[in-house]
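> In our numbering, the protein residues as written are 1 to 450.
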Ligand SMILES: [Mg+2]
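1. Looking at residue 354 and ligand 1, is the gap between the Cβ and the nearest heavy atom below 7 Å?
2. Measure how close the beta-carbons of residue 66 and residue 111 come, nearest whole angstrom, since I'm counting them as under 8 Å.
3. How would you call residue 175, buried or exposed, if buried means at least 16 neighbouring beta carbons within 10 angstroms?
4. Please tell me whether residue 358 and residue 390 are closer than 8 Å, where the distance is taken between their beta carbons.
5. If we count Cβ pairs, one from each stretch, closer than 8 Å, do we get three or more for the segment 253-260 versus the segment 203-219?
6. Tell me whether residue 31 counts as near ligand 1, meaning its Cβ is closer than 7 Å to at least one heavy atom of that ligand.
7. What residue range does the alpha helix (DSSP H) around residue 233 cover?
8. Does the segment 403-414 come into contact with the segment 181-198, if we say contact requires no fewer than three beta-carbon pairs (one atom in each stretch) closer than 8 Å?
9. Say yes only if the C-beta of residue 388 is nearer than 7 Å to one or more non-hydrogen atoms of ligand 1, and no if none qualify.
10. If you measure from the CB of residue 251, is any heavy atom of ligand 1 nearer than 7 Å?
11. Which residue wins for smallest C-alpha separation from residue 366, given the options 183, 83, 271 and 84?
12. In the DSSP assignment, the alpha helix (DSSP H) including residue 210 goes from what residue to what residue?
13. Using the three-state DSSP reduction, which class does residue 401 fall into: helix, strand or coil?
14. Taking C-beta to C-beta, are residue 289 and residue 318 nearer than 8 Å?
15. What first and last residue would you give for the alpha helix (DSSP H) that runs through residue 273?
16. Taking 7 Å as the cut-off, is the CB of residue 277 close to at least one heavy atom of ligand 1?
17. For ligand 1, is there any heavy atom lying closer than 7 Å to the beta carbon of residue 304?
18. Ordered along the chain, which non-local residues of its own chain (more than five positions away) have a Cβ less than 6 Å from that of residue 381?
19. How long is the line joining the alpha carbons of residue 370 and residue 347, rounded to whole angstroms?
20. Return the CA-CA distance between residue 209 and residue 11, expressed in angstroms with no decimal places.
21. Which residue marks the beginning of the alpha helix (DSSP H) containing residue 135, and which one marks its end?
22. Could you pull the start and end residues of the beta strand (DSSP E) that residue 266 belongs to?
23. Sorted by chain position, which residues of the same chain lie with C-beta nearer than 8 Å to residue 239's C-beta, five sequence neighbours on each side aside?
24. Would you decide whether residue 286 is buried or exposed? Buried here means 16 or more other CB atoms lie within 10 Å of its CB.
25. Would you say residue 135 and residue 70 are within 8 Å of each other, going by their C-beta atoms?
26. Using 10 angstroms around the beta-carbon of residue 292, count the other beta-carbons present and answer buried if the total reaches 16, otherwise exposed.
27. Given residue 47, which residues of its chain have a CB within under 8 Å of its CB, disregarding the five upstream and five downstream residues?
28. For residue 380, which three-state DSSP category applies?
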């Protein structure tokens, strides 16, 4: 009897929300009360073997909209051959961004694009599991020509051609085994944002900053941008806590206009900030270029809200950023992030990914580790953001020890959540939220504002 083709049988989606707003974890100048959330997807197969797990990140209300966007992609996925899908995840990526009716909602940006990212990342999770490799190793071992074929060069070929990408990946393979061994031995540098949330007291900030140095971090990050006097006081406290040799990045979360960004950053210059992150709108490429000229030698960083490879291309072409902060779940998944890593390598700009949220650390570590082993080949001035929240909900949580992400060795993308987490925090009928609704407790941030 001929073997039956294994197919995707279901695309199951979940609206998972955590009540993080109660502790002001994650609070910044633009997002005072986030309930960290995941629009989570599981690709089921007819084999009963490995499943593909993926998600995108939101901060509460609207996570249901994000889930609905993933649901809208279902018809493209169910019924596909798992072997064909895993041999060419780019085929699904192209079908999803090419759905002309859904494309109208972007194109290639926003809720629909993030939904594509969740599904595409789930396919890479499945593909790597079938090869019994973590995603970073799956990518690092891949044939350069095949990997380049996974990238959509439409709209970026003026900056990077497919031939150039193959060449960069071929060069990146030289010495890869030594770097993989180094990665497994020493890990990949991390920095921590945990001390710097805007809602924390000065005492909590100081304590967490001192703890970060004790824990081996060489960079921390503070949220700024709500009140200048507060920022001066908090930056002074942080600098006193960590000493002169630890880098302090500051992050305004898009709070300012261009002129204000320059003035505010200069007002904090005495505390020697390493970079100013998201000083203004993530769409304002020329504004970032002006800020970069205005705040030198403070570096300019952005990326967590940059919506696609095309905008990243322009940031690089315009000389508008010193640090590129790609996000594992903002763009259309691994395929588009390979394009962004290749663009950064071509322009010689370090990638320091955005992470935190729910599971973003778990995902993005794989992309930086691939970049180190088989593309840029360096960890110089490269750090992955680390926020020590919500990792307990994952089957294969990140391990950050001595200020370094330890390389994951379990097959896949480290994306799978515990079933108990799904059962507890699915909104609004999971056991946690159902109990909240039944109690007399005051409203939480996830409920509609009145
Ligand atoms: Mg940020």
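Glycine is no exception: its CB is placed at the ideal position from the N, C-alpha and C atoms.
Quick answer:
1. Taking the first residue of the chain shown as 1, we reach residue 354 at position 354. Yes, ligand 1 has a heavy atom inside 7 Å of this Cβ.
2. To locate residue 66, count along the chain shown from 1; it is residue 66. To locate residue 111, count along the chain shown from 1; it is residue 111. Sure, about 6 Å apart at Cβ, within 8 Å.
3. Translated into positions along the chain shown, residue 175 becomes position 175. Result: exposed.
4. Position 358 of the chain shown, counted from the start, is the residue given in the question as residue 358. Position 390 of the chain shown, counted from the start, is the residue given in the question as residue 390. Yes, the Cβ-Cβ distance between residue 358 and residue 390 is below 8 Å.
5. no
6. Here residue 31 corresponds to residue number 31 of the chain shown, with the count starting at 1. It does not: the Cβ of residue 31 is nowhere closer than 7 Å to a heavy atom of ligand 1.
7. Here the question's residue 233 lines up with position 233 in the chain shown. Looking at the DSSP string, the run of the alpha helix (DSSP H) that includes residue 233 is 228-242.
8. Taking 8 Å as the limit for Cβ pairs, the verdict is that the segment 181-198 does touch the segment 403-414.
9. As a first step, residue 388 is located in the chain shown; it is residue number 388 there, counting from the start. No, the beta carbon of residue 388 sits no closer than 7 Å to any heavy atom of ligand 1.
10. Translated into positions along the chain shown, residue 251 becomes position 251. For ligand 1, at least one heavy atom lies less than 7 Å from the Cβ of residue 251.
11. On the chain shown, residue 366 is found 366 positions in, with the first residue counted as 1. With distances taken between Cα atoms, residue 366 lies closest to 183.
12. As a first step, residue 210 is located in the chain shown; it is residue number 210 there, counting from the start. Residue 210: member of the alpha helix (DSSP H) spanning 202-214, first to last residue.
13. Taking the chain shown and counting its residues from 1, one reaches residue 401 at position 401. The three-state reading of DSSP puts residue 401 in strand, counting E and B together.
14. Mapped onto the chain shown, residue 289 falls at position 289. Mapped onto the chain shown, residue 318 falls at position 318. In this structure, residue 318 lies closer than 8 Å to residue 289 by Cβ.
15. For the purposes of this step, residue 273 is identified with residue 273 of the chain shown, where counting begins at 1. Element bounds for residue 273: not the alpha helix (DSSP H) but the beta strand (DSSP E), 273-277.
16. For this step, residue 277 is matched to residue 277 along the chain shown. At least one heavy atom of ligand 1 is nearer than 7 Å to the Cβ of residue 277, so yes.
17. Start at 1 with the first residue of the chain shown, and residue 304 comes out as number 304. Yes, ligand 1 has a heavy atom inside 7 Å of this Cβ.
18. For this step, residue 381 is matched to residue 381 along the chain shown. Taken in chain order, the residues that qualify are 350.
19. Here residue 370 is taken as the residue at index 370 of the chain shown, counted from 1. Here residue 347 is taken as the residue at index 347 of the chain shown, counted from 1. Distance between the alpha carbons of residue 370 and residue 347: 18 Å.
20. Residue 209 sits at position 209 when you count from the first residue of the chain shown. Residue 11 sits at position 11 when you count from the first residue of the chain shown. Computed Cα separation, rounded: 42 Å.
21. Stepping through the chain shown from its first residue, residue 135 is reached at position 135. Per DSSP, residue 135 belongs to the alpha helix (DSSP H) from 135-141.
22. As a working mapping, residue 266 is identified with position 266 in the chain shown. Per DSSP, residue 266 belongs to no beta strand (DSSP E); it is in the alpha helix (DSSP H), 258-267.
23. By 1-based counting over the chain shown, the position of residue 239 is 239. Taking residue 239 as the centre and dropping the five residues before and after it, the same chain places the C-beta of 248, 271 and 272 closer than 8 Å to its C-beta, in chain order.
24. Walking along the chain shown from the start, residue 286 turns up at place 286. Burial call: exposed.
25. Locating residue 135 in the chain shown gives position 135, counting from the first residue. Locating residue 70 in the chain shown gives position 70, counting from the first residue. In this structure, residue 70 does not lie closer than 8 Å to residue 135 by Cβ.
26. The residue given as residue 292 occupies position 292 in the chain shown. The residue is buried, with at least 16 neighbouring Cβ atoms inside 10 Å.
27. Residue 47 sits at position 47 when you count from the first residue of the chain shown. So the list reads 6 and 82, once near-sequence residues are dropped.
28. By one-based count along the chain shown, residue 380 stands at place 380. Residue 380 falls in the coil class under three-state DSSP.
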